[in-house]
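One line per chain: the protein sequences are A and B, in this order.
This note's numbering numbers the first residue of the first sequence as 228 and each following residue consecutively.
This note's numbering numbers the first residue of the second sequence as 55 and each following residue consecutively.
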Amino acid sequence: MTEYDVLIIGGGATGGGTALDLALRGLKVALVERADLTDGTSGRYHGLLHSGGRYAVRDPESARECIEENRILRKIVPHAIEDTGGFFVQTPEDDPAYADEWDAACRACGIPTEEISPAQALKEEPALNPQIRRVFRVPDAACDSFDILTALGAAIRQLGGDVLTYQEVVGLQVAGGRVVGARLRSRRTAEERFVAAQMVVNAAGAWAGQIAAMAGCHLTVRPSKGTMVAMAYRFVNTIINRLHKPGDGDILVPVGTVAVIGTTSVNVSDPNDTTVEPWEVQLMLQEGEKMVPGFSQARPLRAWAGVRPLYEEGSQAEGREAKRTFAVLDHAHRDGVAGLVTVVGGKFTTYRLMAERAADAVCAQLGVTRPCVTKDYVLPDVRLPLNPPQPHWLGHRLEDVENAAEPDQLICECELVTRRDLEAAAAAHGDVSAPWILDDLRRDLRLGMGPCQGGFCGYRAAGILHESAGVDAGSATTALADFAQRRWKGQRPLLWGQGLRQALLDEEIYRGILGLDRLREVAHG
Amino acid sequence: MAEILVIGAGPAGLLAAWVARQRGAQVRVLAAGIGTTHVAPGWIRILDPAADGPEAPRTLEQWIAAHPDHPYAVAGPEALAGGLAALREVGRTAGIRFVPQGAYERPDAEDGLVLPTALGAPLKVALAPESFAAGDLRRPAAMVIAGPRGWRDFYPSLCADNLARQGWAARAVFFDLPQMRQASRFDLTSAGLARMFDDPAVRRQVAAQIRPQLDGAARVGLPAVVGLAQHADAWQDLQDRLGVPVFEIPTLPPSVPGMRLYAAFKTALARAGVPILLDMTVARGETVGGRATGLLVPGVVRQTTYRGREVILATGGLYGGGIATDHRGQMREVVFNLPLRSAGELTGWFRPEFLAAAGHPVHRAGVPANAQMQPVDEAGRPVLENVRVAGRLLAGANPPIEGSTEGIWLATAYRAALCATGG
Numbered sequence: 228m229t230e231y232d233v234l235i236i237g238g239g240a241t242g243g244g245t246a247l248d249l250a251l252r253g254l255k256v257a258l259v260e261r262a263d264l265t266d267g268t269s270g271r272y273h274g275l276l277h278s279g280g281r282y283a284v285r286d287p288e289s290a291r292e293c294i295e296e297n298r299i300l301r302k303i304v305p306h307a308i309e310d311t312g313g314f315f316v317q318t319p320e321d322d323p324a325y326a327d328e329w330d331a332a333c334r335a336c337g338i339p340t341e342e343i344s345p346a347q348a349l350k351e352e353p354a355l356n357p358q359i360r361r362v363f364r365v366p367d368a369a370c371d372s373f374d375i376l377t378a379l380g381a382a383i384r385q386l387g388g389d390v391l392t393y394q395e396v397v398g399l400q401v402a403g404g405r406v407v408g409a410r411l412r413s414r415r416t417a418e419e420r421f422v423a424a425q426m427v428v429n430a431a432g433a434w435a436g437q438i439a440a441m442a443g444c445h446l447t448v449r450p451s452k453g454t455m456v457a458m459a460y461r462f463v464n465t466i467i468n469r470l471h472k473p474g475d476g477d478i479l480v481p482v483g484t485v486a487v488i489g490t491t492s493v494n495v496s497d498p499n500d501t502t503v504e505p506w507e508v509q510l511m512l513q514e515g516e517k518m519v520p521g522f523s524q525a526r527p528l529r530a531w532a533g534v535r536p537l538y539e540e541g542s543q544a545e546g547r548e549a550k551r552t553f554a555v556l557d558h559a560h561r562d563g564v565a566g567l568v569t570v571v572g573g574k575f576t577t578y579r580l581m582a583e584r585a586a587d588a589v590c591a592q593l594g595v596t597r598p599c600v601t602k603d604y605v606l607p608d609v610r611l612p613l614n615p616p617q618p619h620w621l622g623h624r625l626e627d628v629e630n631a632a633e634p635d636q637l638i639c640e641c642e643l644v645t646r647r648d649l650e651a652a653a654a655a656h657g658d659v660s661a662p663w664i665l666d667d668l669r670r671d672l673r674l675g676m677g678p679c680q681g682g683f684c685g686y687r688a689a690g691i692l693h694e695s696a697g698v699d700a701g702s703a704t705t706a707l708a709d710f711a712q713r714r715w716k717g718q719r720p721l722l723w724g725q726g727l728r729q730a731l732l733d734e735e736i737y738r739g740i741l742g743l744d745r746l747r748e749v750a751h752g
Numbered sequence: 055m056a057e058i059l060v061i062g063a064g065p066a067g068l069l070a071a072w073v074a075r076q077r078g079a080q081v082r083v084l085a086a087g088i089g090t091t092h093v094a095p096g097w098i099r100i101l102d103p104a105a106d107g108p109e110a111p112r113t114l115e116q117w118i119a120a121h122p123d124h125p126y127a128v129a130g131p132e133a134l135a136g137g138l139a140a141l142r143e144v145g146r147t148a149g150i151r152f153v154p155q156g157a158y159e160r161p162d163a164e165d166g167l168v169l170p171t172a173l174g175a176p177l178k179v180a181l182a183p184e185s186f187a188a189g190d191l192r193r194p195a196a197m198v199i200a201g202p203r204g205w206r207d208f209y210p211s212l213c214a215d216n217l218a219r220q221g222w223a224a225r226a227v228f229f230d231l232p233q234m235r236q237a238s239r240f241d242l243t244s245a246g247l248a249r250m251f252d253d254p255a256v257r258r259q260v261a262a263q264i265r266p267q268l269d270g271a272a273r274v275g276l277p278a279v280v281g282l283a284q285h286a287d288a289w290q291d292l293q294d295r296l297g298v299p300v301f302e303i304p305t306l307p308p309s310v311p312g313m314r315l316y317a318a319f320k321t322a323l324a325r326a327g328v329p330i331l332l333d334m335t336v337a338r339g340e341t342v343g344g345r346a347t348g349l350l351v352p353g354v355v356r357q358t359t360y361r362g363r364e365v366i367l368a369t370g371g372l373y374g375g376g377i378a379t380d381h382r383g384q385m386r387e388v389v390f391n392l393p394l395r396s397a398g399e400l401t402g403w404f405r406p407e408f409l410a411a412a413g414h415p416v417h418r419a420g421v422p423a424n425a426q427m428q429p430v431d432e433a434g435r436p437v438l439e440n441v442r443v444a445g446r447l448l449a450g451a452n453p454p455i456e457g458s459t460e461g462i463w464l465a466t467a468y469r470a471a472l473c474a475t476g477g
């Protein structure tokens, strides 16, 4: 039986951050996640490292947390952050009275703002709506959650911790009023095993209520679904926020080759509900039009939804009315169940602070006195292919491909993933025969994330897995079918115009040329 | 003034132009660019009875009876044979022979071929270029699947192992193609490799590497890259050198078999005096009183209006670009704004499963036409009497799941040309 000091449940930023924090304090940790790291809300967000401006008026506590953490994350994980800067822009549709109130609130929270003329803003960002009236510059940035979680996972392992992915927690064991470990079920083999731990941290986000219930603790997380749309263009190089009371579709984040617009805010009963509704897509396009004219005519690439884990102890507030701060619940005091700490609420930008507070609560129970050091701990950059210590930019990969001593073939032409990159990532993967292997490699490499959405690279990647990574033909075919379906899910709500033609080409390749639907690995719907 | 203007240089447009010219008309082809020939795998599928379940119609006549709105029904049962004959004729001029022979192929399970795909799946096709035929999986002969080592667009092991686990005697062999290293990385497509195979020295090297690995195999499968301009010679030469039949397997686009077919049409049409004008996007059709009177092509300096007695509209459907769609779920036929049979609301165009057995409903959208291939309105009245619609633009088919992609272009293009030249 494996025994850990602390078992952390939830492979998002909060869980990963907590596991790292505790490992840095000398504890033996395991991070457990039911799918791959970032499969939950962390991997389904828009990529905005908040300055805090969005929350300054109504939720100053969150705003203060954001600006402080924004500064820290830039130092400790520079390779995942692109310093785009941000604008808050007042469009003709926004209440003009809000701007001064907002600016004062930002100052009160310590968020530096600089008002610039609309003319200056348009000079910097010509795609912006020329009707904008006021513009403030804030220290927003674009942030890659895949890269941050990859770095957290690597750091945890380097410190002797375990990262257990595709392991679902199916029960918490409580003995004598204390949580003593968890029962895990492998998603691959369905085998169950018990993992003992002195403490368990529930960082399951929107699923935290379900985990707490396994220890008999009642916790009401209000899952709030937010839908985002990635467009096939950047439009802007600066993050654009609408200068108004936070609403739907009022953030536009340039990330890599795309721009992500978000979000909606829909209360859902099931945190697994990441369905993208047609009205949400239409609303994003309509709102995008107000920031960037012509937005709705451009080609969208993918839509997805994440589920925010809204939580306020003792509050009934829902959706955008709920505060975006977080809570650390010591269930020993709260429910008389020792050995369990829940950290819930918050946002990606404040993950490190949430982790610090959760780790403090754990250390208090364990009698560990070493302080938190994550503010100064620079996360390792272990990306594949290894870019210079700068955020992901396609140009780096192009340089690598063009300057390679030994020519290599592009497997994913959209994202410039080479055969050697794919082989290296497969070799580093713990379970290459898993049906979801290509989706895992996608998070490592960005395979299949460009305009063709896996139309060409899927077959190539499956072929290489079989040829070079020892995956049998049946498993490689299953992985191909799984990948094609996952890529389909995010495209389907957006199929019109050129995207529709691309999808029909992809169908022609998979069905007409490869005959994938004729192989028994494809479950017919 | 040409008598017939064909819009579109995809398979349907090219075939219609050829047939119309054969029937004596002066023909001109206007197209935005090359069509889907360069993507199409190269085999000819007409119907895949398996796709429609055990009760599926077994013959084209039965299919037509069961699907009265289908393009096969609109074009009529004789059109397919006409289209096939025209295809064979054009192919022959370029040394592309389609097999099996026979005046008329029925979609019965007993007819046609069952060919391996690049993924090792069996696919029922009605006929195929002769260079594909030895792959017929209804023959028990053991095969090797061969490919250049390290090439990104074909995976011999995955193909062979998938075939093997389904019961066919297949295994993979690799050969080195040093020319790949000298080529620019941009030439490492099927087309680039096919040009290499045009060179006898390359074929000699390839054969010398495969032969010792045959080990009793009675046939050799290769990706469809066995020659482009010199394909017929290249294929025969490789078989001679290997001493066993060689068959090609289509793989990721660009499609070399499709490029060969395009070249065949281009040459045949040029000889027959039919110009193919590419980069000529018809922005709009001019109509007066139920007739098309001109096709407006914008240019750098001025807009040109092309005029003809008849127009054959072969712009492709949603896939080819003949129908444009937007985020509001609007569909528009791009030249004449013809009435469309819709696929309903945007949200229902595609199913949640990418490879759903029932296929995606959006394919059925298109231009409805009558037996004269004229576009019709909801009441079935012709909208433009001198316009004939051909190919994927027509409503009422779901080609990816019916296995009817090529059959539809052959039948409808033939019929459209026939009607445009006075039936």
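By construction, the Cβ of each residue, glycine as well, lies at the ideal position given by its N, Cα and C atoms.
Since the structure is predicted, the reported quantities are computational estimates derived from the model, not experimental observations.
Residue i vs residue j beta-carbon contact at 7 Å
i                 : j                 : result
VAL589 of chain A : MET426 of chain A : yes
ALA435 of chain A : ARG461 of chain A : no
PRO430 of chain A : VAL570 of chain A : Looking at the sequence provided, one finds Ala at residue 430 of chain A rather than Pro. Yes, these two residues count as a Cβ contact at 7 Å.
VAL448 of chain A : LEU234 of chain A : no
MET581 of chain A : GLY594 of chain A : no
HIS471 of chain A : ASP321 of chain A : yes
Candidates the options: closest to residue i by CA position
i                 : options                                   : result
ALA272 of chain B : B:ALA283, B:LEU191, B:ARG405 and B:VAL298 : B:VAL298
ILE198 of chain A : B:LEU306, B:VAL198 and B:GLY343           : Missing from the structure shown is residue 198 of chain A; chain A here goes from 228 to 752 and no further.
LEU69 of chain B  : B:GLU302, B:LEU323 and B:ALA224           : B:LEU323
THR596 of chain A : A:ASP608, A:ALA655, A:GLY566 and A:ARG252 : A:ARG252
PRO345 of chain A : A:GLY267, A:CYS599, A:PHE363 and A:CYS333 : A:PHE363
ALA711 of chain A : A:ALA696, A:GLU694 and A:TRP663           : A:TRP663
ARG673 of chain A : A:VAL644, A:GLY408 and A:LEU567           : A:VAL644
ILE366 of chain B : B:ASP380, B:ARG356 and B:GLY348           : B:GLY348
ARG261 of chain A : A:ASP733, A:GLY432, A:GLY388 and A:GLN358 : A:GLY432
VAL428 of chain A : A:VAL407, A:ALA348 and A:ASP733           : A:VAL407
ALA172 of chain B : B:LEU138, B:ALA278 and B:ARG257           : B:ALA278
ALA482 of chain B : B:ARG442, B:HIS414 and B:ALA410           : A query on residue 482 of chain B cannot be resolved here, the shown segment of chain B reaching from 55 to 477 and no further.
ARG414 of chain A : A:TRP531, A:LEU391, A:LEU399 and A:ASN468 : A:LEU391
HIS693 of chain A : B:ALA139, B:ASP215 and B:PRO311           : B:ASP215
ASP310 of chain A : A:TRP329, A:VAL480, A:ARG647 and A:TYR393 : A:VAL480
ARG670 of chain A : A:ARG713, A:ARG687, A:THR704 and A:ALA700 : A:ARG713
ILE36 of chain B  : B:LEU268, B:ASP380 and B:GLY374           : In the structure as shown, chain B starts at 55 and stops at 477, and residue 36 of chain B therefore has no counterpart that could be examined.
VAL316 of chain A : A:LEU567, A:ALA307, A:GLU342 and A:GLY337 : A:GLU342
LEU138 of chain B : B:GLY327, B:ARG235, B:GLN284 and B:ARG469 : B:ARG469
Span of the beta strand (DSSP E), counted from its first residue to its last, around residue i
i                 : result
ARG624 of chain A : It is not in any beta strand (DSSP E) - ARG624 of chain A instead sits in the alpha helix (DSSP H) that spans 621–630.
ILE467 of chain A : 466–469
LYS178 of chain B : 176–179
Start and end residues, alpha helix (DSSP H) containing residue i
i                 : result
GLY398 of chain A : GLY398 of chain A -> not in any alpha helix (DSSP H); beta strand (DSSP E) instead, spanning 394–402.
GLU295 of chain A : 287–303
PRO598 of chain A : From DSSP, PRO598 of chain A is part of no alpha helix (DSSP H); its letter is neither H nor E.
| said: Could you tell me which whole beta strand (DSSP E) segments of length 3 or greater appear in the region 263–297 of chain B? | reply: 273–277
| request: May I ask you to list, following chain order, the residues of the region 413–439 of chain A that have a beta carbon less than 8 Å from some beta carbon of chain B? | output: Listed by position, the residues of the region 413–439 of chain A near chain B (Cβ gap below 8 Å) amount to none.
| 4 or more residues per run - each alpha helix (DSSP H) lying fully within the region 189–270 of chain B | 210–219, 233–236, 244–251 and 254–264
| task | Jot down the residue ranges of each uninterrupted beta strand (DSSP E) in the region 406–480 of chain A, minimum 3 residues, whole runs only, in chain order. | result | If you keep only unbroken beta strand (DSSP E) runs of at least 3 residues inside the region 406–480 of chain A, you get 419–429, 449–458 and 466–469.
| query | Counting only runs that start and end within the region 559–590 of chain A, where is the beta strand (DSSP E) found for 3 or more residues in a row? | reply | 567–572
| In chain order, what residues of the region 285–304 of chain B put their CB closer than 8 Å to some CB of chain A? | PRO304
| query | Relative to chain B, which residues along the region 351–383 of chain A have a C-beta separation below 7 Å, given in chain order? | reply | Under the 7 Å Cβ criterion, the region 351–383 of chain A contributes no residue.
| task | Residues of the region 623–646 of chain A with a CB closer than 9 Å to any CB of chain B: list them in chain order, please. | result | VAL628, PRO634, ASP635, GLN636, LEU637, ILE638 and ARG646
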